[in-house]
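Just so we're aligned: the sequence shown equals residues 132 to 445 in our numbering. Quick reminder that beta carbons are idealized off the backbone N, C-alpha and C, glycines included.
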Amino acid sequence: MTAVGPCGRPPPVVQYPLPTDRRSRMMNIAMSLNVANDRMPAADLIPRLATAGFEALDFNFSDQWNRLPDRSERAVGAWLDALAQAAQAANLPWAQAHGPFFNLFDKTPQNQAQQDFCPAAIAACGRLGVPWMVLHPGTLDGPWDRAHRRAVLQGNADFFRSLLPHCERAGVGLAVENIHADKPACPRRFGSMPEDLLDLMDALAHPLVGLCWDTGHARIMKLDQRRAVASLGSHLKAIHVQDNDGNGDDHLLPLACGKAGVNWSDVVAGLREAGYGGAFAYEVHSAFQAVPDELLDDALRHGVRIARTLLGRT
């Protein structure tokens with residue numbers, strides 16, 4: 132794997148060897164249910180997504196769970212059943228999900244509580260038939276020298292391995308997401324560069340562990356996304372499609388930032404070179420927060436048109 136650069140310096144634009152090109156299946160255009168979290172129940176959003184032209188769903192467990200007024204077993208079951216029925220009626224498959232947010236090395240009570248939700252999130256995904264649940268890797272404060280990075284890698288491997296019995300029971304895989312470097316107590320965050328993720332795949336070597344690529348996080352890291360995405364190859368199981376200008380994790384629709392944003396032709400080329408067969412899944416809630424109710428359906432259709440254009444499906 133590529134050696135770690137000097138601590139404290141900006142991340143380089145790393146060149147990764149491209150794997151042999153493989154023909155990918157057509158990517159379904161998907162939307163995360165968090166796009167209308169505070170506007171309507173997710174079960175009411177699903178038919179509107181279908182009408183707008185979306186072809187699959189991203190179950191954002193974390194945002195949905197945090198808004199549940201009743202987390203009793205009966206209430207959670209009813210909530211999941213309503214989502215399942217709405218998706219089935221709309222003929223929309225579940226492409227992926229986002230699990231709880233936490234840093235696995237942070238043992239504060241609030242953070243630990245989020246970790247403890249992971250088995251429930253995996254079970255919920257299994258009940259709906261979601262194939263892959265996305266989680267973030269963790270980073271331990273330290274100097275990011277060889278010994279520190281080895282300890283961080285081992286801690287991540289141990290944590291994700293501990294979830295595999297739950298995954299095996301539910302038939303759900305874990306997709307570990309690339310993140311961006313914003314941790315002041317460490318020169319770099321584990322998972323912000325592709326070699327971190329590939330090292331983790333080597334350490335785990337399990338068919339129910341794969342990777343998720345977030346285009347906005349990679350833009351902040353100023354990565355060559357064609358080569359980075361292609362280097363993930365068959366490990367790539369899910370993606371988060373979002374845009375920013377490199378200065379913040381904005382979660383905007385593609386093309387919103389013009390030439391300062393993500394190079395979308397590079398992203399799509401990388402996905403095809405990786406042989407990616409999952410969904411082209413939006414995580415763009417910020418783009419819809421200020422949209423008036425009477426314009427929401429038009430805005431959703433606009434998002435579909437953008438995705439179709441980027442994928443050459445016009």
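- Judged by beta-carbon spacing, L384 lies beyond the 8 Å limit of D397, meaning their Cβ atoms are not closer than that value.
- H267 and H416 have their C-alpha atoms roughly 18 Å apart.
- Under DSSP, Q227 takes part in a beta bridge, and its partners are D189.
- For E308, the secondary structure class from DSSP, reduced to helix, strand or coil, is strand.
- It is roughly 20 Å from the alpha-carbon of Q246 to the alpha-carbon of P200.
- The stretch 313-349 contains, as complete alpha helix (DSSP H) runs of 4+ residues, the segments 325-335 (chain order).
- Straight-line measurement puts the Cα of D289 at about 14 Å from the Cα of F321.
- When secondary structure is reduced to three states using DSSP, H371 falls in the strand class.
- For the pair W210 and D237, the Cα-to-Cα distance works out to about 30 Å.
- For F290, no beta strand (DSSP E) segment is defined; the enclosing uninterrupted segment is the alpha helix (DSSP H) at R277 to A301.
- As computed with DSSP, V265 is found in a beta bridge with H229 and A306.
- 8 Å or more divides the Cβ of A361 from the Cβ of G408.
- Judged by DSSP secondary structure, A215 falls within the alpha helix (DSSP H) whose first and last residues are E204 to A221.
- By the beta-carbon neighbour count (other beta carbons within 10 angstroms, threshold 16), S193 is buried.
- By the Cβ neighbour-count rule, E414 is buried, with 16 or more other Cβ atoms within 10 Å of its own.
- Taking C-alpha positions only, I160 is separated from A418 by approximately 17 Å.
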